[in-house]
Structure formats: structure tokens, C-alpha cells
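Using the working numbering, you'd call the opening residue of the sequence shown number 111 and step up by one each time. Here the structure comes first, spelled out in C-alpha cells, and everything after it is commentary.
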Amino acid sequence: MSPPPEAPRRSPREVPAAPGSVKLGLIADIRYADKDDSLDRSGRRLRFRNSLSVLGSAVDHWNAAGVEAVVQLGSAIDSVHSQAGVGAMAAVLGKLDACRASKRLDVVGNHDLRSFPRAALAKSGLRCFADDGKLYRSEKLNEHWEAIILDAFEQSVVGVSSTDQGFREADKLLRERNPNIGKRVDDLLAGLPEEDHRFVPCNGAVSKTQLRWLDNALRLAAEAGRKVLVFSHIPLYSGAAKHKTLLWNAEDVLQVLYWHSGTVVAVFAGHDHDGGYAVDPLGLHHVTLNAALTAEAVADCCAVLECYDDGWVHFAAHGDACAGHSQLILATSAPSTRTNSSDTDSASVEHLDLWSKVGGALSLAKACFDQVFATCRTSQVVQEDFHESECVRRSMHREF
């Protein structure tokens, strides 16, 4: 069947580009499939066909905003196989191709990998590979900003053969941390402490090699004077997502990001359909986008980021794209500023710019925390068994 016709929608208002900035469009968990709606375990409605209309509306907003790049945060299609997966992906990519942005960055999600395993991912049409064939990479956005994309399923049981060494290692870790794996139980989380809810098959981990690469990429960005936005399908911080949707070794990734806290502004993710936003104890912003899949009919679920050359970001949601937050201001070491107005006038922009300047003073107070993490740094970026480092664990559980 061909994709359903889209519901009529209003044309977004054209927004002129601000000087000294770069704009990005964001969307997560489209999960399009030509199949009827269904309910997930929590009773939430999954609108598989409608998500294509949500994407079409997002493209209209991005074109009106004049975004230079689009970041598609993963799980572009649902877990469908064979020709159905090819058709679903073609429909999604057709919508994305209507965006006038010069660059598109596709993050790979678990549902993408179920439809296109790693061995077949090159045939998907996703723009997800680095020059060396890896799924983690960095992209220069302009002279002042860089995007870093993580491969959150580098070590997982999704998208790889059960005979693969990585599958065996991931399966071993899962069974060690979650005794329900492999058993006939209705709830894989039964009896687990909340911090272990992440150890389920739909999540994954990054390797030691990827963590070393991340450390070096952030160092190079800092040397070039660029601020960094990090994109991962799986969230890293429980304040912005449910424990059951977190990366298996999220603390190890956070440790690397904290070493470069003056460079990394925010982490953006999908995967948790309810979305979320939080600032962690060391001042790093975490933005989890709501799933386009669960948006109401004729509703929006996307965002526009405007990244200013002096180091701060304005996040503007269209529809319920981030757990009810319509606008966010993101900057290193700066307080979070949230507004609910539909537009940002010149006075509020001046106010937001003030926070980016205040951030420099606040970073002095934060420096003591950076010193703690610097002393913990060793030549081994991450431990073999994915255990979180003691210094990071203490900071993440400290009450402020």
C-alpha cells in the first residue's frame, strides 16, 4: 500500500535567520510503518501511519526556519522486515528529502537495526556512516559548532548475528545484570533495582574504542574553538529519561563528557517516547525528544535548535517535542532558562544572551568539580566490565 494522504495543516510562518548562528531541525522515533495503530504496554497509542504526516509537518517547520542541517535521532521506521522495511524507509526518506537543509545526520536506533541489521545498513539509505564506516562520527556545523553522533548500539544484541563476538559479549553482560533474560517472564524488570532497569535487549553500550575516539574528538573540537552538541539514540541521564531507556554504560560516556565540560553544551536523545529534560549535577543539559510515533493526529512533534556563535543554544519545540517544554536555553555552566511563549522577542533574546555571559563567571565555581574528574582520568578510558567509575558515580548521586 502507498503511504496515506496527509491531513491538511497550516503553513509555518517564515522565520529569518539570525546573524551569527546555525539552525538544526530535530525529530526522534518516527517509527513509520504501513500498519494499524496499536497500544504499548503502558497503554500509549502508537500511530504508525500518522507518524509520516508528523514528519511532513516537521519538514515544513524546518524549511520555514531555514535550518542548515537536520538530525534524525533514530528509529525512523518500525521493526518491519524484508520488502516492508525497504518501502517504509523509502517513504520516510522521501519526506526528509523535501527538507531544504544542506545536511542531514541520521542516528541509528534499535528499530532501524531490527529492519536493517548492521550487515545490510548501507542499503537502508540512511546517512549514518563516517568515512571509515563507523556509525559514530563528528560533523562540523560551522566555525563555532560541531555535532558528535554516538553509536549507542555498538555493543548490543540488536542488529547483529548471534554468532558475532559482540553479540556474545552483550548477551553475557545482559544475563549477568538481569537474571530475567532468557526466562519466560512477563516483566523483564521484575525484581531488579531501578538502576539496573537499563539492562534490557533494546538498549546497548559504546565500546572502549568509541570512548577513546570521543575523548579525542572533543579535544580537537576544543582546540578549534568549537562548542559541541552530542546526539545519541539512547539517553545518558536518568533525570531526562526513564532508567529502562538508558545506555548500559552511560556513566562512562558522561565521564568523558565531563572532562570536556567547557566544550559540551548538551546531549540530545530519543528512545524514551515520553521525552524529558534535565541538567545534571555538573551542569550538562540533557534533552530527550518525545516520539513522533505517539503524536496525536494533525499534531507536531519536532524542534528547531538555533546555535549562536557565542556558545549558547535556543531550543524551540513544535508541538509536544520535549515533555511539555516549549523553549529551552542551553549553555555550558549557565542556569537553565525555560519559557512557554510561542515566540522569542528581542527583549527575551537579550535576556537569554545575558545567561551565556554569566556562564563564564559560573564556570569558575564549577572548576572544582572538573578537577575532581581530571584526577580520575587514566590511560584506560573505560573498564572492561562497563562498571561506572567511582568518581562519576559519587557525583551523579550527590544531592545539590
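Where is the CB? At the ideal position from N, CA and C, for every residue including glycine.
DSSP three-state label for K337, please. Here residue 337 refers to the residue found at position 227 when the sequence shown is read from its first residue. Strand at K337.
Continuous beta strand (DSSP E) stretch holding W524: start and end: Only positions 111 to 510 of the chain appear in the structure, and residue 524 is not among them; the question remains open.
Quick one: give me the first and last residue of the beta strand (DSSP E) that F425 is part of. Taking the first residue of the sequence shown as position 1, residue 425 is located at position 315. Looking at the DSSP string, the run of the beta strand (DSSP E) that includes F425 is 422-429.
Among D382, V202, W172, A407, which one has its Cα closest to the Cα of F425? Counting from one through the sequence shown, the residue named residue 425 turns up at place 315. Among D382, V202, W172, A407, the Cα nearest to that of F425 is on W172.
Can you name, in chain order, every residue of its own chain whose Cβ lies under 7 Å from the Cβ of K354, other than the five neighbours on each side? Translated into the one-based positions of the sequence shown, residue 354 becomes position 244. The beta carbon of K354 sits closer than 7 Å to those of L299, H307, R308, V310, all from its chain and outside the five residues before and after it, given in chain order.
On the CB-based measure, 16 or more other CB atoms within 10 Å of its CB, does A257 come out buried or exposed? As a position in the sequence shown, residue 257 is number 147, starting the count at 1. Residue environment: A257 is assigned as buried (16 or more neighbouring CB atoms within 10 Å of its CB, all protein chains considered).
First and last residue of the beta strand (DSSP E) that includes A257? As a position in the sequence shown, residue 257 is number 147, starting the count at 1. 255-259 is the span of the beta strand (DSSP E), which, as asked, contains A257.
How would you call R157, buried or exposed, if buried means at least 16 neighbouring beta carbons within 10 angstroms? If you number the sequence shown from 1, residue 157 lands on position 47. Residue environment for R157: buried (at least 16 other C-beta atoms within 10 angstroms of its C-beta).
Within the chosen definition, does the region 282-299 reach the region 221-239 through at least 3 CB pairs nearer than 8 Å? Output reads no: the region 221-239 does not touch the region 282-299.
Residue from S271, V267, E305, G276 with nearest C-alpha to G292: On the sequence shown, position 182 is the one that residue 292 refers to. Closest by C-alpha distance to G292, out of S271, V267, E305, G276, is V267.
Please look up how many angstroms separate the CB atoms of S190 and A211, rounded, as I've assumed it's under 8 Å. Here residue 190 refers to the residue found at position 80 of the sequence shown. Here residue 211 refers to the residue found at position 101 of the sequence shown. Position check: residue 190 holds Val in this sequence, whereas Ser was assumed. Taking C-beta atoms under 8 Å as the contact rule, V190 and A211 fail to qualify, at a distance of about 27 Å.
Buried or exposed, going by whether 16 or more other CB atoms sit within 10 Å of the CB of G130? On the sequence shown, residue 130 is found 20 positions in, with the first residue counted as 1. G130 should be labelled exposed.
Output yes or no for whether 8 Å exceeds the beta carbon distance between G380 and S163. If you number the sequence shown from 1, residue 380 lands on position 270. If you number the sequence shown from 1, residue 163 lands on position 53. At the C-beta level, G380 and S163 stay beyond 8 Å of one another.
Going residue by residue through the region 247-291, where are the continuous beta strand (DSSP E) segments of at least 3 residues, counting only ones entirely within it? Taken in chain order, the complete beta strand (DSSP E) segments of 3 or more residues contained in the region 247-291 are 247-250, 255-259.
Using DSSP with H/G/I as helix, E/B as strand and the rest coil, what is H381? Here the question's residue 381 lines up with position 271 in the sequence shown. In the three-state reduction of the DSSP assignment, H381 falls in the coil class, being assigned neither a helical nor a strand state.
Less than 8 Å between the C-beta atoms of W255 and V132, yes or no? Stepping through the sequence shown from its first residue, residue 255 is reached at position 145. Stepping through the sequence shown from its first residue, residue 132 is reached at position 22. Going by beta carbons, W255 and V132 fall inside the 8 Å limit.
Could you give the DSSP three-state label for E213: helix, strand or coil? Working through the sequence shown from its first residue, we reach residue 213 at position 103. Before going further, note that residue 213 is Lys rather than Glu in the sequence given. Residue state for K213 is assigned as strand, using DSSP reduced to three classes.
Restricting to runs no shorter than 3 residues, where is the beta strand (DSSP E) found entirely within the region 387-413? Fully enclosed beta strand (DSSP E) runs of 3 or longer: 395-398.
C-alpha distance - L440 paired with D325, whole-angstrom precision: Walking along the sequence shown from the start, residue 440 turns up at place 330. Walking along the sequence shown from the start, residue 325 turns up at place 215. Rounded to whole angstroms, L440 to D325 spans 22 Å at the Cα level.
Spatial neighbours of A413 within its chain, please: C-beta separation below 8 Å, excluding the five flanking residues on both sides. Your numbering for residue 413 matches position 303 in the sequence shown. Excluding residues within five positions, the ones whose Cβ falls inside 8 Å are G135, L136, I137, L399, F425, A426, A427, H428, A431, C432.
Helix, strand or coil, according to DSSP, for L162 in the structure here? By 1-based counting over the sequence shown, the position of residue 162 is 52. Under the three-state reduction of DSSP output, L162 falls in the helix class.
Can you give me the C-alpha to C-alpha distance between T319 and D261, rounded to a whole angstrom? Translated into positions along the sequence shown, residue 319 becomes position 209. Translated into positions along the sequence shown, residue 261 becomes position 151. Answer to the nearest angstrom: the Cα atoms are 11 Å apart.
Alpha carbon to alpha carbon, how far is E178 from K213? Give it in angstroms, no decimals. Here the question's residue 213 lines up with position 103 in the sequence shown. Here the question's residue 178 lines up with position 68 in the sequence shown. Answer to the nearest angstrom: the Cα atoms are 6 Å apart.
Rounded C-beta distance between A59 and L357? I'm assuming under 8 Å. Because the chain spans 111 through 510 in this model, residue 59 falls outside it and cannot be assessed.
Straight-line Cα distance separating R224 from L231: Within the sequence shown, residue 231 is the residue found at index 121, counting from 1. Within the sequence shown, residue 224 is the residue found at index 114, counting from 1. Straight-line Cα distance between these residues: approximately 10 Å.
With H, G and I counted as helix, E and B as strand and the rest as coil, what does DSSP make of A441? Within the sequence shown, the letter at position 331 stands for residue 441. DSSP, read as helix, strand or coil, puts A441 in strand.
Does the beta-carbon of E416 have 16 or more other beta-carbons within 10 angstroms, so that it is buried, or is it exposed? Counting from 1 along the sequence shown, the entry for residue 416 is found at position 306. The residue in question, E416, is buried, as its Cβ has 16 or more Cβ neighbours within 10 Å.
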